[in-house]
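Participant: In the UniProt record's numbering, the protein residues as written are 1 to 438.
Ideal placement from N, C-alpha and C gives every residue a C-beta, glycine not left out.
Bear in mind the structure is a predicted one, so any value in this text is a computation, not a measurement.
This is the structure, below, for whatever I ask next.
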């Protein structure tokens with residue numbers, strides 16, 4: 001039929017105030033749209049079939065890391081780091097440019113989505129459903145005093161399962177562009193980063209001018225605009241290839257993009273020297289703040305049990321401290337870098353053990369029964385390299401080959417309507433009898 005029921009396209013708007021923003025500013029609120037359950041069920045069925053079509057025909061761009069199977073922030077920062085280090089190793093000047101798309105999900109043109117689906121030879125029944133879904137959409141907002149309804153004519157459906165998919169389809173059309181030879185573009189959802197390199201400053205500026213021309217034309221074609229004020233550029237000063245005081249000039253809409261000493265991309269703070277010291281200083285401040293407040297809450301609500309703090313540390317604080325290992329994991333070979341991880345770990349250890357502040361970090365690790373953070377970082381990074389980056393590694397004297405481990409297959413290679421059952425059979429265990437003790 002190709003018809004999406006009209007009542008299922010009506011969304012209730014809920015506004016959430018952004019912390020630290022002026023409540024009188026309309027942009028200080030984050031809009032969340034609530035859709036009916038049946039709307040999400042049909043939307044999910046449609047999006048799964050679109051993903052199957054794109055996966056089966058190899059239409060997804062590998063440079064998009066957001067909302068993709070086997071992709072994550074870690075894979076994004078890892079590939080970005082590999083590109084930067086490769087060019088720096090060849091004594092070339094490198095610049096990282098973070099591009100901000102103004103209201104990306106809210107400004108996506110529905111015509112662009114339908115055009116790209118048709119270009120990808122999307123099945124006709126699915127195409128008609130999407131076309132019906134993107135038309136005659138309404139959102140309503142209600143307070144005690146009034147009720148307002150508004151027709152939505154553009155943007156990805158807020159609160160839907162297909163919203164991120166539709167954005168990725170549009171963003172892939174940018175990643176598929178033929179950029180200049182000395183440039184590299186990747187994305188995590190709407191977080192775009194452009195890497196430009198060259199043998200000298202003027203060559204970087206020429207390559208940047210050509211790349212920005214392609215980006216501006218793509219934005220105009222899809223009725224999207226980049227924000228020059230929020231975009232920034234990080235000159236890589238490692239090996240003194242570039243100078244922050246006299247950086248290359250890269251323009252967006254004829255406005256120079258400001259050069260910064262530090263750039264935050266996907267929660268990782270990059271610096272020109274590629275030391276990541278600022279990133280771990282930021283991690284330490286966040287971990288110390290949580291370590292100070294968590295014992296107060298735990299002791300108040302769950303009585304004084306040290307094991308609770310240990311569980312919180314393993315489940316929340318440790319992953320927070322090790323986030324972004326795809327970008328800084330290569331520096332774990334440095335002893336001074338590993339020693340700084342002890343500084344990050346110290347405050348949580350004091351909270352778990354309630355020991356004297358003069359206690360050494362090594363003794364605190366033994367008392368808390370927690371492994372050193374540098375060893376956990378080495379383990380986490382090694383697992384990432386083997387399972388995600390598919391690289392052969394050597395940890396101390398032990399070697400690991402990625403081919404020896406089972407790799408996850410994409411669930412979208414099989415059509416959603418075909419679900420093979422899991423067979424069950426009884427088999428006698430091999431080997432001797434097993435005895436368990438509790």
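In the DSSP assignment, find the unbroken beta strand (DSSP E) run with residue 323 in it and report its ends.
Facilitator: Segment: none, residue 323 is in no beta strand (DSSP E) and carries neither H nor E.
Participant: Where do the N-terminal and C-terminal ends of the beta strand (DSSP E) with residue 356 fall, by residue?
Facilitator: Run containing residue 356: none; DSSP gives neither H nor E here.
Participant: Counting only the same chain and skipping the five closest in sequence on each side, list residues whose C-beta sits under 7 Å from that of residue 129.
Facilitator: Excluding positions up to five away in sequence, the list reads 2, 4, 46.
Participant: Express the C-alpha separation of residue 293 and residue 434 in angstroms, rounding to a whole number.
Facilitator: Legend: pLDDT at residue 434 = 48, less than 50; position of this residue unreliable, no value from coordinates given.
Participant: Just confirm the distance between the C-beta atoms of residue 265 and residue 191, as a whole number of angstroms; I'd bet it's less than 8 Å.
Facilitator: Sure, about 7 Å apart at Cβ, within 8 Å.
Participant: Kindly indicate the opening and closing residues of the alpha helix (DSSP H) around residue 509.
Facilitator: Outside the displayed span of the chain (1 to 438) sits residue 509, for which this structure offers no information.
Participant: Figure out for me which residue from 135, 368, 202 has the closest Cα to the Cα of residue 182.
Facilitator: Minimum Cα distance to residue 182 is reached at 202.
Participant: Within its chain, find whatever has a CB closer than 6 Å to the CB of residue 256; leave out the 5 residues flanking it on each side and keep chain order.
Facilitator: For residue 256, where only same-chain residues beyond five positions count, the Cβ hits under 6 Å are 249.
Participant: Take the Cβ of residue 74 as the centre, count every other Cβ of all protein chains shown within 10 Å, and call the residue buried at 16 or more, exposed below.
Facilitator: Looking at its Cβ environment, which holds 16 or more other Cβ atoms inside 10 Å, residue 74 is buried.
Participant: My parser needs the beta strand (DSSP E) runs of 3 or more residues fully inside the segment 241-295; what are they?
Facilitator: The qualifying runs are 262-265, 268-271.
Participant: Excluding the 5 residues flanking residue 23 on each side, which residues of the same chain have their C-beta closer than 7 Å to its C-beta?
Facilitator: Closer than 7 Å at Cβ, skipping near neighbours: 17.
Participant: By how many angstroms is the C-alpha of residue 122 removed from the C-alpha of residue 131?
Facilitator: Answer to the nearest angstrom: the Cα atoms are 12 Å apart.
Participant: Between which residues of its own chain and residue 150 is the CB-CB distance below 6 Å, once the five residues before and five after are set aside?
Facilitator: Excluding residues within five positions, the ones whose Cβ falls inside 6 Å are 139.
Participant: Along the chain, where does the alpha helix (DSSP H) that runs through residue 132 open and close?
Facilitator: First-last of the alpha helix (DSSP H) with residue 132: 124-133.
Participant: Between the alpha carbons of residue 370 and residue 239, how many angstroms are there, rounded?
Facilitator: Using only the alpha carbons, I get a separation of about 38 Å.
Participant: So what does DSSP say about residue 365, is it helix, strand or coil?
Facilitator: The answer is helix: DSSP assigns residue 365 an H, G or I state.
Participant: What do you get for residue 375, buried or exposed, if any count of 16 or more other CB atoms within 10 angstroms of its CB means buried?
Facilitator: So residue 375 ends up on the exposed side.
Participant: Buried or exposed for residue 311, please, with buried defined as at least 16 other CB atoms from any protein chain shown within 10 angstroms of its CB.
Facilitator: It is exposed - the Cβ of residue 311 has fewer than 16 other Cβ atoms within 10 Å.
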